[in-house]
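Participant:
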Amino acid sequence: MTTAQPTRRMPLPFPIAFRASGALVERNFAAARSYWRTFVSGFFEPVFYLFAMGVGIGALVGDIQVDGRAIPYAVFVAPAMMATSAMNGAIYDSTANVFGKLKNSKLYESVLATPLQPAEVAAGEIAWALLRGLVYSCAFLLVAAVAGFVQSWWALLAIGVCTLIGLAFASLGMAATTFMRTWNDMDYVQLAILPMFLFSATFYPLDAYPPVLQGVVQATPLYHGVALVRALMMGELGWGLLLHVGYLLALSAFGLWATTRRITRLLMT
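Residues in the sequence shown are numbered consecutively from 83, following the numbering used here.
1) Closer than 7 Å to a non-hydrogen atom of the ligand ATP - does that hold for the CB of Q272?
2) Does L330 come within less than 8 Å of chain D when only Cβ atoms are used?
3) Whose C-beta lies closer than 6 Å to the C-beta of A99 among residues of the same chain, with five residues either side of it excluded?
4) If you reduce the DSSP assignment to three classes, tell me which class A201 lands in.
5) Given this structure, state the Cα-to-Cα distance separating P161 from V311, to the nearest angstrom.
6) From the DSSP secondary-structure annotation, give me the bridge partner or partners of A252.
7) When DSSP builds the beta bridges, which residues end up paired with P154?
8) Indicate whether V271 and I173 have their beta-carbon atoms separated by less than 8 Å.
9) Would P303 pass as a contact of A250 if the rule is Cβ separation under 8 Å?
10) Going by beta carbon distance, what residues of the same chain come within less than 8 Å of V299, once the five residues before and after it are set aside?
11) Could you say which of A134, D267, P154 and L239 lies nearest to L323 if we only look at CA atoms?
12) What's the C-alpha gap between K185 and N179?
13) Unbroken alpha helix (DSSP H) runs of length 4 or more, entirely within the stretch 214-282: which are they?
14) Here's a check: name, in chain order, each residue in its chain whose Cβ is nearer than 6 Å to the Cβ of Y252, leaving out the five neighbours to either side.
15) State the DSSP-derived secondary structure class of Q87, mapped to helix, strand or coil.
16) Tell me which same chain residues have a C-beta within less than 8 Å of the C-beta of I241, skipping the five on either side of it?
17) Can you tell me the Cβ-Cβ gap for M256 and A204, rounded? I've got them flagged as a contact below 8 Å.
18) With a threshold of 7 Å on Cβ separation, who are the neighbours of V148 within its own chain once the five nearest residues in sequence on each side are excluded?
19) What does a CB cutoff of less than 6 Å around V232 pick up in its chain, not counting 5 residues either side in sequence?
20) If you draw a straight line from the alpha carbon of P97 to that of G104, how long is it in whole angstroms?
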């Protein structure tokens with residue numbers, strides 16, 4: 083006896099495909115109401131680090147030199163924590179939540195009974211993870227502004243940068259999730275993001291690292307997000323920022339391609 087295999091359907095045309103992915107985002111929003119405390123809790127970790135490191139240690143460190151300019155340590159740390167907020171929101175939702183739907187609840191098997199196809203499922207989940215990171219970033223920017231750690235109105239554009247950071251990490255996170263076999267594999271996620279959080283020029287200027295390590299730091303996705311957010315919050319704009327934007331765009335494109343390829347392979351076999 084042979085088992086029936088899911089048939090490949092033609093891709094939904096735009097904007098119908100976008101509307102279909104939006105339905106999955108709406109579903110996730112409705113489900114988030116039941117775990118809103120967990121959703122909100124992800125915002126507090128960067129805030130705690132901001133006041134513990136930026137204000138607490140900052141009182142001991144005082145001003146630091148960044149590109150020949152003396153700035154309070156809290157002003158230096160705040161943009162990094164905002165970029166980290168975007169990363170945390172996107173990566174946690176695109177890994178743990180997606181893995182649970184893939185392996186435990188088998189949600190996507192039900193979703194494929196609707197007009198949605200694997201590509202639209204990937205787009206919907208990435209969009210939801212991106213929105214979560216964006217919510218964290220907006221809330222963090224408000225806290226930083228009230229605390230006096232924002233030095234320029236250009237900081238409003240940092241919200242767009244955090245959207246790009248969220249897209250990069252959400253797409254990569256979901257692609258990585260498709261390779262996971264058990265919940266123990268989630269430890270690798272923490273193993274990847276913790277060093278980035280600590281060593282992506284978040285707490286120390288890039289020139290504080292040995293020359294050999296500076297290249298390693300500059301290769302991390304979070305470093306480019308931190309550099310962009312920091313420049314905007316401090317009002318220091320330049321053409322060099324386009325390199326950071328290009329890096330994150332390229333990473334996002336790769337993540338979207340990898341996620342779509344993997345999720346299609348998993349759900350259609």
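Cβ atoms here follow ideal geometry from the backbone N, Cα and C, with glycine treated the same way.
Facilitator: The short version:
1) Inclusion of the ligand ATP in the displayed structure is not the case, the ligand content being empty and no account of it being possible.
2) Within the model displayed, chain D is absent; a lone protein chain is all it includes.
3) For the purposes of this step, residue 99 is taken as residue 17 along the sequence shown, with counting starting at 1. Model confidence at A99 stands at a pLDDT of 45, short of 50, so the residue's coordinates are unreliable; what they give is reported in the following sentence. Residues of the same chain with a CB within less than 6 Å of the CB of A99, apart from the 5 flanking positions on each side, are E202 in chain order.
4) As a first step, residue 201 must be located in the sequence shown, where it is residue number 119. Looking at A201 - three-state DSSP - the assignment turns out to be helix.
5) On the sequence shown, residue 161 is found 79 positions in, with the first residue counted as 1. On the sequence shown, residue 311 is found 229 positions in, with the first residue counted as 1. Spanning the two alpha carbons is a distance of roughly 5 Å.
6) Counting from 1 along the sequence shown, the entry for residue 252 is found at position 170. DSSP, once it has assigned bridges, lists no residue as partnering A252.
7) Counting from one through the sequence shown, the residue named residue 154 turns up at place 72. In the DSSP assignment, P154 is bridged to D145.
8) Locating residue 271 in the sequence shown gives position 189, counting from the first residue. Locating residue 173 in the sequence shown gives position 91, counting from the first residue. Taking 8 Å as the cut-off, the Cβ atoms of V271 and I173 count as close.
9) One-based indexing of the sequence shown puts residue 303 at position 221. One-based indexing of the sequence shown puts residue 250 at position 168. Result yes, Cβ atoms of P303 and A250 sit closer than 8 Å.
10) Here residue 299 corresponds to residue number 217 of the sequence shown, with the count starting at 1. Result list for V299: F281, S282, A283, L288, Y291 and Y305, in chain order.
11) Here residue 323 is taken as the residue at index 241 of the sequence shown, counted from 1. Looking at the Cα atoms, L239 is the closest of the given residues.
12) Translated into positions along the sequence shown, residue 185 becomes position 103. Translated into positions along the sequence shown, residue 179 becomes position 97. Approximately 10 Å between the Cα atoms of the pair.
13) Taking only runs of at least 4 residues, the alpha helix (DSSP H) segments lying wholly in the stretch 214-282 are 240-259 and 268-281.
14) As a position in the sequence shown, residue 252 is number 170, starting the count at 1. Contrary to the premise, residue 252 reads as Ala rather than Tyr in this sequence. Same-chain partners within the cutoff: A172, S176, I208, A211 and L212.
15) Here residue 87 refers to the residue found at position 5 when the sequence shown is read from its first residue. Unreliable placement is indicated for Q87, whose pLDDT of 46 sits below 50; the coordinate value is still reported in the next sentence. If DSSP states are grouped into helix, strand and coil, Q87 belongs with coil.
16) Counting from one through the sequence shown, the residue named residue 241 turns up at place 159. Excluding sequence positions up to five before and after I241, its CB lies within less than 8 Å of the CB of L216, S219, C220 and L223, all in the same chain and listed in chain order.
17) Within the sequence shown, numbered from 1, the residue matching residue 256 stands at position 174. Within the sequence shown, numbered from 1, the residue matching residue 204 stands at position 122. With a Cβ gap of about 7 Å, M256 and A204 count as contacting.
18) Within the sequence shown, numbered from 1, the residue matching residue 148 stands at position 66. Once the five neighbours on either side are set aside, the close Cβ partners of V148 are F158 and P287.
19) Stepping through the sequence shown from its first residue, residue 232 is reached at position 150. Cβ within range, chain order: A226 and M315.
20) Locating residue 97 in the sequence shown gives position 15, where the first residue counts as 1. Locating residue 104 in the sequence shown gives position 22, where the first residue counts as 1. Note that P97 has pLDDT 38, beneath the 50 cutoff, so the model's placement of it is unreliable and no number is given.
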